[in-house]
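**Student:** Residue numbers (this note's numbering): 5 to 217.
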Amino acid sequence: MGKPRVLIADDHKIVLEGLRSLLQSEFEIVGKVEDGRTLVSEAERLRPELVVADISMPNLNGIDAARQIKKINERIRIVFLTMHADVAYATSAFEAGASGFVLKHSAPQELILAMHDAMQGKTYVTPIIAGDLINSFQGGTPLKGELKADLSPRQREVLQLIAEGKSIKEVAATLRISSRTVEFHKYRIMEQLNIKTSAELVQYAVKHGIISV
Numbered sequence: 005m006g007k008p009r010v011l012i013a014d015d016h017k018i019v020l021e022g023l024r025s026l027l028q029s030e031f032e033i034v035g036k037v038e039d040g041r042t043l044v045s046e047a048e049r050l051r052p053e054l055v056v057a058d059i060s061m062p063n064l065n066g067i068d069a070a071r072q073i074k075k076i077n078e079r080i081r082i083v084f085l086t087m088h089a090d091v092a093y094a095t096s097a098f099e100a101g102a103s104g105f106v107l108k109h110s111a112p113q114e115l116i117l118a119m120h121d122a123m124q125g126k127t128y129v130t131p132i133i134a135g136d137l138i139n140s141f142q143g144g145t146p147l148k149g150e151l152k153a154d155l156s157p158r159q160r161e162v163l164q165l166i167a168e169g170k171s172i173k174e175v176a177a178t179l180r181i182s183s184r185t186v187e188f189h190k191y192r193i194m195e196q197l198n199i200k201t202s203a204e205l206v207q208y209a210v211k212h213g214i215i216s217v
């Protein structure tokens, strides 16, 4: 039986190299990517068994990328490796279909344990936030800073790209839609969120984990 096929994603090359070195003895690293949009396309092309991804990535954040990957192939397991020690991020990650949530300052063996659990169909949560995560699900109350679910997937894509500073034309080219459609999405996003300025749009995207500072 061969090693599990793993695709890794992080927007820092040094992290990618560190992950490759850490994991290659137990896993077959089939690819390394640095943004969420490439992660989705490579997951479709390479068909890994497992994805290890950061949440904060350019062009498309890890959580929205996970949603798209699960639509392409629900059997792909996803483990997040992130600096965000916030239950709101973990909640959104698991709602997107993640099998594991590990913090970057955790011991390396914790990531490997989470990956093995994911391959066995189990769910792994870093112990630091496990208790709070269980309480949040049991209580059913909104969490401060929780990622908003009232925007459509396309709206979230447009929001992230605009918040990252891309022009309307650049957003249109990235998403392969017309500039007029991008303008319409931007208008609807600002209307739905009661946002008046582009600066407020960026602040919203940062607050809700769509982009990182």
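Glycine included, every Cβ here is placed at the ideal spot set by N, Cα and C.
Taking C-alpha atoms, which residue in I214, K7, G40 and I18 lies nearest to Q28?
**Tutor:** K7
**Student:** Leaving out the 5 sequence neighbours to the left and right, which residues in its chain are closer than 7 Å to P157 when beta-carbon positions are compared?
**Tutor:** D68 and R71
**Student:** I'd like to know if the stretch 127-141 and the stretch 83-102 are in contact, where contact means that at least 3 CB-CB pairs between them fall below 8 Å.
**Tutor:** Touching, yes.
**Student:** On the three-pair Cβ rule with 8 Å, is the stretch 195-202 touching the stretch 104-123?
**Tutor:** Contact between the stretch 195-202 and the stretch 104-123 is not established, with fewer than three Cβ pairs separated by less than 8 Å.
**Student:** So, with DSSP's three-state summary, where would you put F98?
**Tutor:** helix
**Student:** Determine whether the beta carbon atoms of I133 and A203 lie at a separation below 8 Å.
**Tutor:** no
**Student:** May I ask you to check if the CB of N198 is nearer than 7 Å to at least one heavy atom of the ligand FAD?
**Tutor:** No copy of the ligand FAD occurs in the structure displayed, which carries no ligand at all.
**Student:** Would you mind giving the Cβ-Cβ distance between A122 and V186, rounded to the nearest angstrom? I have them listed as a contact below 8 Å.
**Tutor:** Not a contact, Cβ separation roughly 36 Å.
**Student:** Closest to Q164 by CA distance: which of A209, K74, I138 and G66 is it?
**Tutor:** A209
**Student:** Report buried or exposed for I59, applying the criterion of at least 16 other Cβ atoms within 10 angstroms of its Cβ.
**Tutor:** buried
**Student:** In whole angstroms, what separates the C-alpha of R192 from that of K200?
**Tutor:** 11 Å
**Student:** Write down the C-beta distance between A167 and I214 rounded to the nearest angstrom, noting that I regard them as a contact closer than 8 Å.
**Tutor:** 7 Å
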